[in-house]
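K.L.:
One structure follows; several queries about it will come next.
Number of protein chains: 2
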Amino acid sequence: MSTSSPLALPFPNIPAIPGITPRIARARYKEWDRCDLTFITMDEGTSVAGVLTKSACTSSEVDWCREHLVQGKARALVVSAGNANAFTGYRGRQAVEAVTAKVAAHLGCPLAQVFVSSTGVIGVPLPIDKAEAGLEAAFAVQPCSWEEAAATIMTTDTFTKGAIATAIVGGQTVTLAGIIKGSGMIAPDMATMLGYIFTDAAIAPAFLQEMLSAATQKTFNCITVDSDTSTSDTVLAFATGKASHAPLTSFDDAGADAFQAALSDLCWQLAHLVVRDGEGATKFITVAVTGATSDSSAHKVAMSIANSPLVKTAIAGGDANWGRVVMAVGKAGEPADRDRLSISFGATLVAKDGLVVPDYDEAPVTAHINGDMVDIGVDLGLGDGQATVWTCDLTHGYISINADYRS
Amino acid sequence: MSTSSPLALPFPNIPAIPGITPRIARARYKEWDRCDLTFITMDEGTSVAGVLTKSACTSSEVDWCREHLVQGKARALVVSAGNANAFTGYRGRQAVEAVTAKVAAHLGCPLAQVFVSSTGVIGVPLPIDKAEAGLEAAFAVQPCSWEEAAATIMTTDTFTKGAIATAIVGGQTVTLAGIIKGSGMIAPDMATMLGYIFTDAAIAPAFLQEMLSAATQKTFNCITVDSDTSTSDTVLAFATGKASHAPLTSFDDAGADAFQAALSDLCWQLAHLVVRDGEGATKFITVAVTGATSDSSAHKVAMSIANSPLVKTAIAGGDANWGRVVMAVGKAGEPADRDRLSISFGATLVAKDGLVVPDYDEAPVTAHINGDMVDIGVDLGLGDGQATVWTCDLTHGYISINADYRS
Chain A
2 MSTSSPLALP FPNIPAIPGI TPRIARARYK EWDRCDLTFI TMDEGTSVAG VLTKSACTSS
62 EVDWCREHLV QGKARALVVS AGNANAFTGY RGRQAVEAVT AKVAAHLGCP LAQVFVSSTG
122 VIGVPLPIDK AEAGLEAAFA VQPCSWEEAA ATIMTTDTFT KGAIATAIVG GQTVTLAGII
182 KGSGMIAPDM ATMLGYIFTD AAIAPAFLQE MLSAATQKTF NCITVDSDTS TSDTVLAFAT
242 GKASHAPLTS FDDAGADAFQ AALSDLCWQL AHLVVRDGEG ATKFITVAVT GATSDSSAHK
302 VAMSIANSPL VKTAIAGGDA NWGRVVMAVG KAGEPADRDR LSISFGATLV AKDGLVVPDY
362 DEAPVTAHIN GDMVDIGVDL GLGDGQATVW TCDLTHGYIS INADYRS
Chain B
2 MSTSSPLALP FPNIPAIPGI TPRIARARYK EWDRCDLTFI TMDEGTSVAG VLTKSACTSS
62 EVDWCREHLV QGKARALVVS AGNANAFTGY RGRQAVEAVT AKVAAHLGCP LAQVFVSSTG
122 VIGVPLPIDK AEAGLEAAFA VQPCSWEEAA ATIMTTDTFT KGAIATAIVG GQTVTLAGII
182 KGSGMIAPDM ATMLGYIFTD AAIAPAFLQE MLSAATQKTF NCITVDSDTS TSDTVLAFAT
242 GKASHAPLTS FDDAGADAFQ AALSDLCWQL AHLVVRDGEG ATKFITVAVT GATSDSSAHK
302 VAMSIANSPL VKTAIAGGDA NWGRVVMAVG KAGEPADRDR LSISFGATLV AKDGLVVPDY
362 DEAPVTAHIN GDMVDIGVDL GLGDGQATVW TCDLTHGYIS INADYRS
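Printed below as a string of C-alpha cells:
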C-alpha cells in the first residue's frame, strides 16, 4: 500500500532465534513484483501449537493445520500472500497437498510436520505451478531478515509488524519473536489473523498449546477492526528447544509462569499492531468495561461498543459522544442497569449513575478525544466482571479501501 | 437534511382515518424553526398495541409505553423530535409525567391512555417548558395532513415516509395507514424505530398485539442499516373501531386473516422505507437465505451478511464479491457446510457446492450490481430453513453523516 497508517510503529530489532531459518521468494500469485512466499524451517524437535479461525467456511490451509497440530511437531511453515485458497473445494486441498509434499520431500520430514497458511483473494485455487516454482526459488536462497519475512506475508497491511519478548527459564534467557499480518476482516470471537511466534524455549507441545490458548483469550480475541471474521485466521507458535533449560511441561515447572507472561505480552503487542493497521484507522481505541456480572459479560459489552459503527464514527469525528456508548451498552444483550451506568473518556467521568455529570470539564475530554489514543471506560455498577478490548475508528479510509478492493 | 436519499419514494395519498386526528406544532427542542411536536388524538374506544426496543438502556418514553400498553386503550400520542430523553434518569421520567398529565387533563382521559415517544440527542432531559408550550400550541391548531405529521417526527431522515393498506373485514373495507422515521441506529433483533400505524378497524387490544408482533417478526426485525440498536425504538398500532364490522378478537373471526395480511404488508412497506433512507445508502440490498437448518438459523446467517461492513462496502463499490459473502456465512456461528454453499447475485448463480461456477456470465452480474436494487441469494444446502432480510450499502455518506453529527 502507498501510505503507512498514522498509528504505525517501527519494526523492532529481532535477533536470530536458534533453530529457526526464514527465507522468502517470488511465487507471483498476483501480477506484482514482490516476494509473496515465505518459507520458514525449524530444526528437528520443534514443538508447535496453534489457534485457528472459528469460521464455518475455513480455507484448506486452516483445515490442514487443524488436522496436524495434534501431533505437536513442526519442521516448516509456508505462507502464501495474495491468494487465500479459501472456498476452493477439492482444488484448494490439492494445492495444499502439493505444497506440503514438496516441502516434506525437500526436508525429508513427515508431511504432518509442514504447516501452511494463505491470505488474499477468496475463491481462486492457489496455483500449484506458481507455488512449486516459488518453493524451488526459496529452497535455493540465503535466509532473510525477520522484517523481510514480515513484509512478505502482508496483503493490505500498510506497515511490517513484529514484536519481541524474553523470559528467564531455568536460569536461561529465552527469546520470543513474532510477526503478524492483518488489517481488515478483523473480528471478535475469532481465533485471529495470520501470526507466527518463534522461540528457542523447550516446551512440550500440549503445554505450548495451553499457554498459547490462554494468551489468545486476552489478546487476539480482544481486538476488532470491522467485526468481520476471516476464513483463514491462524496463529502458530513454534518452540525449537535450542535453549538448554529443562523442557517445560506444566505450570509446576520453574520458569513456566515467566514464559506465559512473556508469551502473553508478545501476543498483546502483535494484536495491538493489527489494530494500529486497521483499515482507515486514525485512532487507537481502548474500551475497558468494569462492574459487569462476569468477565465474559464484560467482554460482550466491550465488543458491542468496539464494533458499533456509530461509536467508531463519533471517535473519528472527535466527538466524545457518550450517548452512543449508552446505546451500544444497551444493545449488547447483557445485564445492564441504565441508572447505575458510568462512562469516562480518558480520565474524565462524563456520565454517572445514569445521568450526565452536570458540570464535567469539556476541555480535557476534547483534548483526549483529539489525540490518537482514545480510552473509553464503562462501569456497569453490577459486579466484579471486567474486560478490555481494542479497536480503531471508522473513517472514510475504510470505505475507500473496501469499496475499491477488487474481488 | 439537504438532499433526499437516491432511494426515496414519494409519500402516498393517505386518506383520513375515522377516529384519528393528527396535529403538529413547534416546541423548538432545538434551535430550528420547524414543527417538532406531533400530537395525535384517538376517539374513545381505540385499541392500542406496541413493540418496543430490546435495549437494556431504554428511554423514559419506552418505559412509559411498556407500562401502559397492558391496559390496551389509547386516546393520544405525543412524539417529540430533536431530543430522545434517553439516559436522563429521574428528570426524563418527570418530563414524561408532565407531558402525559397535561394531555390527560386536556382530553379528560386516564394518564395511562396517553402514549409518548421522543427521538434525537441522547442524554439531555426533555425540556418540560418547551414541551408544555408546544402542547398548548398543538391543542389550538387545526388538524394537519399525514405527510405533515410524517415530516414532524423526522430527525436525520431525508424524506417523509408513509404507507397505506386496506383489508376487507366483515364486508367492510378498513384502512391501515402508517408513518415512520428512522435512518441510522437501525439494527437487528430490535423491536424497531419510531413507527405509528392507524386503522379504523375494530380489534381487541390483545389480538391487535398478537397480529402486530407477528408482522414485526418478518418486517421490522428483518432490516438493518448499521447493526446499532436504538434506545428509543417504538412501533405503536392504534385501531379506532370506527368501521362497523364486528370486533376482531382472534384468527377464528372472519376477516382476521385479511387484516393480518394487510398489517404485515403495511409493516413491510414501512420497514423498506427505513432501509431506503439508511444513512448514506445508494443501494437497497435484499439478502435471501435458504437451505438452513431452521428459519431462525437462516435469519442469523442473513443478518450476518447484511451487517458485514465488507459485504456492504463491496456492493457500494459495484463489486459482486461473493468471497465476502462466504466470509459472512462462515462467521455467523450457524450450521454451514462450505462444500454445499451456493451464492447468486440477481438471477446468476456465481458459486455452487463450495466452488465458483467456472464459466458464469459476468455481464448480467455486473449489470445487476450496478443497479440500485441488489439481490443476494445464499443456499446453505442443509435443510428447509429460510429467511429474507433487507439492508443498504455502506458508503462515504454514512461516515460523513456520523462523524459530523454532534452529540
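Protein chains in written order, with the numbering used here: chain A, 2 to 408; chain B, 2 to 408.
We put the CB at the ideal spot given by N, CA and C, even for glycine.
Because the structure is a prediction, the values reported are computed rather than measured.
Indicate whether at least one CB of chain B lies closer than 7 Å to the CB of A:S56.
P.N.:
Interface residue, yes.
K.L.:
Please check if any C-beta of chain B sits within less than 7 Å of the C-beta of A:A192.
P.N.:
Annotation note: pLDDT 39 at A:A192 (below 50); position unreliable, coordinate value reported separately. It does not: the Cβ of A:A192 has no partner Cβ on chain B nearer than 7 Å.
K.L.:
Among A:T241, A:G382 and A:A257, which residue has its Cα nearest to the Cα of A:M43?
P.N.:
It is A:T241.
K.L.:
Quick one, which of A:L195, A:V71, A:V142 and A:D201 has its alpha-carbon nearest A:V170's?
P.N.:
It is A:D201 whose Cα lies nearest to the Cα of A:V170.
K.L.:
Tell me the rounded alpha-carbon separation between B:A57 and A:G378.
P.N.:
Cα-Cα distance, rounded: 18 Å.
K.L.:
For chain B, check one thing: does any of its Cβ atoms lie closer than 7 Å to the Cβ of A:V366?
P.N.:
No - not a single Cβ of chain B is within 7 Å of the one on A:V366.
K.L.:
Buried or exposed: B:P359, going by 16 or more other Cβ atoms within 10 Å of its Cβ?
P.N.:
Exposed, since its Cβ has fewer than 16 Cβ neighbours within 10 Å.
K.L.:
How about B:L271 and B:A164: are their beta carbons less than 7 Å apart?
P.N.:
Result yes, Cβ atoms of B:L271 and B:A164 sit closer than 7 Å.
K.L.:
Indicate the three-state DSSP secondary structure (helix, strand or coil) for A:C66 in the structure shown.
P.N.:
The answer is helix: DSSP assigns A:C66 an H, G or I state.
K.L.:
With three or more beta-carbon pairs closer than 8 Å as the criterion, would you say the stretch 61-75 of chain A touches the stretch 16-35 of chain A?
P.N.:
They do not touch, by the three-pair rule.
K.L.:
In chain order, what residues of the stretch 305-326 of chain A put their CB closer than 8 Å to some CB of chain B?
P.N.:
If the cut-off is 8 Å between Cβ atoms, the stretch 305-326 of chain A has N308, S309, P310, L311, T314, A315, A317, G318, D320, A321, N322, W323, G324 and R325 near chain B.
K.L.:
Based on the DSSP secondary-structure assignment, which residues constitute the bridge partners of A:G163?
P.N.:
A:G163 pairs with A:I180.
K.L.:
Between which two residues does the alpha helix (DSSP H) harbouring A:D130 extend?
P.N.:
Counting along the chain, the alpha helix (DSSP H) containing A:D130 begins and ends at I129 to A141.
K.L.:
Where A:L249 and A:Q210 are concerned, what is the direct C-alpha to C-alpha distance, given to the nearest angstrom?
P.N.:
In a straight line, the C-alpha of A:L249 is about 12 Å away from that of A:Q210.
K.L.:
Residues bridged to B:I402 by DSSP?
P.N.:
None, per the DSSP bridge assignment.
K.L.:
Does any CB atom of chain B fall closer than 7 Å to the CB of A:V379?
P.N.:
No, A:V379 lies away from the interface with chain B (no Cβ there is under 7 Å from its Cβ).
K.L.:
Could you name the residues of the same chain whose beta carbon sits closer than 7 Å to that of B:P13, not counting the 5 residues immediately before and after it, in chain order?
P.N.:
Excluding sequence neighbours, B:P13 sits near G163, A164 and I165.
K.L.:
Return helix, strand or coil for A:V276, following the three-state DSSP convention.
P.N.:
Looking at A:V276 - three-state DSSP - the assignment turns out to be helix.
K.L.:
What does B:T396 touch in chain A if you count any residue whose Cβ is under 9 Å from its own?
P.N.:
Under the 9 Å cutoff, chain A gives I400 and A404.
K.L.:
What first and last residue would you give for the alpha helix (DSSP H) that runs through A:P206?
P.N.:
Its alpha helix (DSSP H) spans residues P206 to K219.
K.L.:
Please state whether DSSP places B:P23 in a helix, a strand or coil.
P.N.:
B:P23 falls in the strand class under three-state DSSP.
K.L.:
Is it the case that the CB of B:A307 approaches a heavy atom of the ligand SAM more closely than 6 Å?
P.N.:
Ligands displayed in this structure: none; no statement on the ligand SAM is therefore possible.
K.L.:
What does A:L271 reach in chain B if we use C-beta pairs closer than 8 Å?
P.N.:
Simply none; closest approach about 21 Å.
K.L.:
At the level of alpha carbons, what is the spacing between A:R339 and B:I204?
P.N.:
Distance between the alpha carbons of A:R339 and B:I204: 35 Å.
K.L.:
Cβ of A:W33 within 7 Å of Cβ of A:V117?
P.N.:
Cβ distance not < 7 Å, so A:W33 and A:V117 don't count as in contact.
K.L.:
So that I know if they touch, is there some Cβ in chain B lying closer than 7 Å to that of A:I165?
P.N.:
With 7 Å as the cut-off, A:I165 does not count as an interface residue toward chain B.
K.L.:
Which whole-angstrom value describes the C-beta separation of B:V330 and B:L342, a residue pair presumed to lie in contact below a C-beta threshold of 8 Å?
P.N.:
That belief holds up - the Cβ atoms of B:V330 and B:L342 are roughly 6 Å apart, short of 8 Å.
K.L.:
Could you confirm whether any beta carbon from chain D is found closer than 7 Å to the beta carbon of B:G124?
P.N.:
No chain D appears in this structure, whose protein chains are A and B.
K.L.:
Just verifying my parser: in three-state terms, what is the DSSP assignment at A:Y91?
P.N.:
A:Y91: helix per DSSP, three-state reduction.
K.L.:
Answer yes if the stretch 125-137 of chain B comes into contact with the stretch 154-163 of chain B, meaning at least three C-beta pairs across the two stretches below 8 Å, and no otherwise.
P.N.:
Because the criterion of three Cβ pairs below 8 Å is not met, the stretch 154-163 of chain B and the stretch 125-137 of chain B do not touch.
K.L.:
How is the beta strand (DSSP E) around A:A77 delimited, first residue to last?
P.N.:
First-last of the beta strand (DSSP E) with A:A77: A77 to N84.
K.L.:
What's the call for A:S245, buried or exposed, on a 16-neighbour Cβ count within 10 Å?
P.N.:
It counts as exposed.
K.L.:
Report buried or exposed for A:N371, applying the criterion of at least 16 other Cβ atoms within 10 angstroms of its Cβ.
P.N.:
With fewer than 16 other Cβ atoms within 10 Å, it is exposed.
K.L.:
On the CB-based measure, 16 or more other CB atoms within 10 Å of its CB, does B:G124 come out buried or exposed?
P.N.:
Buried: at least 16 other Cβ atoms inside 10 Å.
K.L.:
Could you pull the DSSP bridge partners for B:D376 from this structure?
P.N.:
BP columns for B:D376 point to B:T287.
K.L.:
Hey, does A:L249 have any beta-carbon neighbour from chain B nearer than 7 Å?
P.N.:
No, no contact with chain B.
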